[in-house]
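Okay, structure first, notes after.
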Amino acid sequence: MTAPCRMILDVDTGIDDAMAIFYALHRPGIVLEAVTTVFGNIDVPAATRNTLQILELAGRADIPVASGAAHALTRPFVRGAAHIHGENGLGEVTLPEPSARPLDEHAADLIIRMVRAHPGALTLCPVGPLTNIALALARAPDIAQKLRGIVVMGGTLFHPGIPGIPSPMADANFWNDPEAARIVLRSGAPLTLVGMDVTMRALLTPAMTEAIAQAGDAAATMMRIARFYVDAYLRQYPSIAGCGLHDPLAVAVAEDASLVTAEPMQVDIELAGELTRGQMVADRRATGTTRPNAAVCTGVDVPRFTERFMAAMRGEGR
Ligand code: CA
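If you read the sequence shown in the working numbering, its first letter stands for residue 1, the second for the next number, and so on.
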């Protein structure tokens with residue numbers, strides 16, 4: 001048996017972030033050491049509140065939470081995802097006010113402190129804009145080599161990007177802070193990119209939400225939240241069967257890379273293009289001069305991930 005994945009999960013909670021937290025808590029191969037929060041799907045105070053509420057829903061208010069960046073490195077925060085995640089970020093489902101409080105420590109400081117305290121042991125799994133990770137790497141470049149890895153939800157090479165932005169080939173996380181994404185991709189840390197090429201194949205359908213909801217009160221509440229997200233996808237993409245399980249798949253890959261196929265690539269983020277700001281560009285030329293800096297996921301074992309996701313959402317993972 002391999003050692004468990006000791007994870008710091010960085011979230012902009014957000015409905016698929018909420019499911020990613022559930023997934024991490026219910027997998028025997030993951031030890032969730034801390035959760036850090038960032039702006040993105042919603043403002044950072046709401047992302048932090050939502051994160052605390054989801055941890056309490058799962059009975060794990062003991063897990064430390066640190067709040068982080070309120071806006072991108074070079075731009076103000078612009079709210080844009082209410083139609084996907086709801087005004088409150090959790091599909092308009094109102095959860096009890098959390099009893100736990102976030103730590104009195106910035107997310108980037110928590111990351112630096114924990115990674116230095118446990119060299120070689122921790123995996124960072126950012127599933128929001130990469131601002132907290134970039135701040136941590138800028139302040140403490142040494143942590144790049146002290147991480148077991150960074151498994152990022154972000155990027156796309158082939159799948160169309162998110163609707164409603166000028167860049168047709170950008171995902172939400174890289175689009176929301178391209179400069180931060182560039183800092184992370186250039187950091188030298190061992191990187192895996194779980195982008196829309198794979199996350200848009202791993203879908204949550206209405207029938208799956210109904211099956212999961214039978215498993216108990218927490219699962220039923222999680223699926224009431226998820227249903228808002230599923231319905232938003234069904235409206236936005238008329239030919240799709242459900243919503244993309246972006247953030248849960250990234251967490252799943254952090255635990256078990258055998259769920260995906262990945263290709264080492266030299267990748268960077270476009271910052272200046274009128275049509276390409278926030279787009280991940282891969283240099284795949286066979287010139288002998290490229291140096292891969294990330295494993296980019298290109299294929300996913302959908303049946304195996306789906307089975308694991310269903311069990312985790314039902315609380316059957318442990
Ligand atoms: Ca997210």
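Here a beta-carbon is modelled for each residue, glycine too, at the ideal position from N, C-alpha and C.
Taking 7 Å as the cut-off, is the C-beta of residue i nearer than that to any heavy atom in ligand 1?
i, result
"V31", "no"
Can you name the start and end residues of the beta strand (DSSP E) that residue i belongs to?
i, result
"M153", "149-153"
"M7", "5-11"
"T199", "Careful: T199 lies outside any beta strand (DSSP E), inside the alpha helix (DSSP H) at 196-199."
Within 10 Å of its beta-carbon, does residue i have 16 or more other beta-carbons around it, so buried, or fewer, so exposed?
i, result
"F158", "exposed"
"H83", "exposed"
"V78", "exposed"
"T36", "buried"
"S67", "buried"
"T199", "buried"
"G89", "buried"
"P28", "exposed"
"R101", "exposed"
"L193", "buried"
"P129", "buried"
"R285", "exposed"
"S187", "buried"
"R304", "exposed"
Tell me the residue span of the alpha helix (DSSP H) that contains residue i.
i, result
"L25", "15-26"
"A312", "302-313"
"T209", "206-213"
"R182", "178-185"
At a Cβ threshold of 8 Å, is residue i touching chain E?
i, result
"L185", "In the structure shown, chain E cannot be found, because there is only a single protein chain."
*Quick one: which unbroken beta strand (DSSP E) runs of 3-plus residues sit fully inside the region 35-118? Chain order, please.*
Fully contained in the region 35-118 are the following beta strand (DSSP E) runs of length 3 or more, in chain order: 65-67.
_Unbroken stretches of the beta strand (DSSP E), 3 residues or longer, contained in the region 122-147_ = 122-126
*asked:* Beta-carbon distances below 7 Å to any heavy atom of ligand 1 define the shell here; list its residues in chain order, please.
replied: V11, D12, G14, D16, D17, G40, N41, V127, G128, M153, N173, H246, D247
_Every unbroken beta strand (DSSP E) inside the region 217-289 [3 residues or more]_ = 260-269, 280-283
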